[in-house]
Amino acid sequence: MTTFFKTLRNHWKKTTAGLCLLTWGGHWLYGKHCDNLLRRAACQEAQVFGNQLIPPNAQVKKATVFLNPAACKGKARTLFEKNAAPILHLSGMDVTVVKTDYEGQAKKLLELMETTDVIIVAGGDGTLQEVVTGVLRRTDEATFSKIPIGFIPLGQTSSLSHTLFAESGNKVQ
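Those letters in the sequence shown? Residues 5 to 177, per this note's numbering, in order.
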């Protein structure tokens, strides 16, 4: 045992570097664990809604998600599929994901869209602006503007979400 402590004392730089690396790794693993607990709690809450019985004369709610995979330096698709998609599917809604390929595509798609119960925007501030502009440009804007629009901030800065909600460094939240 004394040789172990002598080795640590004699190689103090390596010991310090190893301890720092071990501390960082433990902190990273704890963060991953907390993210998984948060995801699990959200999925369990969504499953409560998904398990509710639908009356025979009612239809399943349709949600259309406009996903900008280029947001957040190309990480938006992965973040959406990891954090938001399971919650949406467990909630009992019929989810349709529309991935935009170029700027202005969401506006054009919304002008052609027929019916949906909920519009969800997964991207940055620009994607949200495109969707709102597309809703306002419709000929039936009065009826279509009553559809709720949800926003999943996946952009690099997402200024709107920082303005509306308390800042959180956790991407899962």
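Beta carbons are placed, not taken as given, at the ideal position from N, Cα and C, and that holds for glycine.
Report task. With a floor of 3 residues, list each beta strand (DSSP E) that falls wholly inside the stretch 13-96, ordered by position along the chain. Result -> Taking only runs of at least 3 residues, the beta strand (DSSP E) segments lying wholly in the stretch 13-96 are 66-71.
Query - Inter-stretch contact (C-beta, 8 angstroms, three-pair minimum) for the stretch 45-60 and the stretch 75-84 - result: As far as the Cβ criterion goes, the stretch 45-60 does not touch the stretch 75-84, which means the pair count is below three.
Report task. Would you please state the rounded distance, in angstroms, between the beta carbons of LYS65 and ASP105? I believe it to be under 8 angstroms. Result -> About 27 angstroms; that fails the 8 angstroms criterion.
Requested in this report: Have a look at GLU145, VAL139 and THR131 and flag the residue whose alpha-carbon is nearest the alpha-carbon of LEU71.
Outcome: For LEU71, the closest C-alpha among the options GLU145, VAL139 and THR131 is that of THR131.
Query raised in the report: When the Cα of PRO157 is compared with those of ASN55, ALA74, ASN40 and LEU33, which residue comes out closest?
Result: Looking only at ASN55, ALA74, ASN40 and LEU33, the smallest Cα-Cα distance to PRO157 is reached by ALA74.
Query raised in the report: Going straight from the alpha carbon of SER149 to that of ASP129, what length do you get?
Result: SER149 and ASP129: Cα-Cα distance of roughly 19 angstroms.
Report task. Inspect the beta-carbon positions of ARG141 and GLU107 and report whether they are closer than 9 angstroms. Result -> Contact flag unset, no.
Query raised in the report: Just the Cα atoms here: how many angstroms apart are THR10 and TRP16?
Result: In the sequence on display, residue 10 carries Lys and not Thr. Going by the C-alpha atoms only, they are around 10 angstroms apart.
Report task. Determine the direct distance from the alpha carbon of CYS24 to that of GLY96, and round the result to whole angstroms. Result -> In this structure, the straight-line span from the alpha carbon of GLY96 to that of CYS24 is close to 46 angstroms.
Query - Range covered by the beta strand (DSSP E) that runs through GLY154 - result: Element bounds for GLY154: 153-157.
Requested in this report: Please check the pair ILE124 and VAL69, which I expect to be a contact at CB under 8 angstroms, by giving their CB distance rounded to whole angstroms.
Outcome: About 5 angstroms separates the two Cβ atoms, so the contact holds.
Requested in this report: Answer yes or no: the CB of GLY29 versus the heavy atoms of the ligand FMN, is any distance below 8 angstroms?
Outcome: As presented, the structure is devoid of all ligands, the ligand FMN included, so that no description of it is given.
Query - ALA67 beta carbon less than 9 angstroms from that of VAL187 - result: Lying before the first or after the last residue shown, residue 187 is absent from the chain, which here runs from 5 to 177.
Query raised in the report: Between ARG13 and the rest of its own chain, which residues show a CB-CB distance below 7 angstroms, the 5 nearest in sequence each way excluded?
Result: Once the five neighbours on either side are set aside, ARG13 has no close Cβ partner at all.
Query raised in the report: How many Å lie between THR6 and TYR34 at the Cα?
Result: Going by the C-alpha atoms only, they are around 32 angstroms apart.
Query raised in the report: Going by the beta-carbon positions, is the gap between VAL101 and LEU113 smaller than 9 angstroms?
Result: Going by beta carbons, VAL101 and LEU113 fall outside the 9 angstroms limit.
Query raised in the report: ASP121 by DSSP, collapsed to three states: which one?
Result: Coil.
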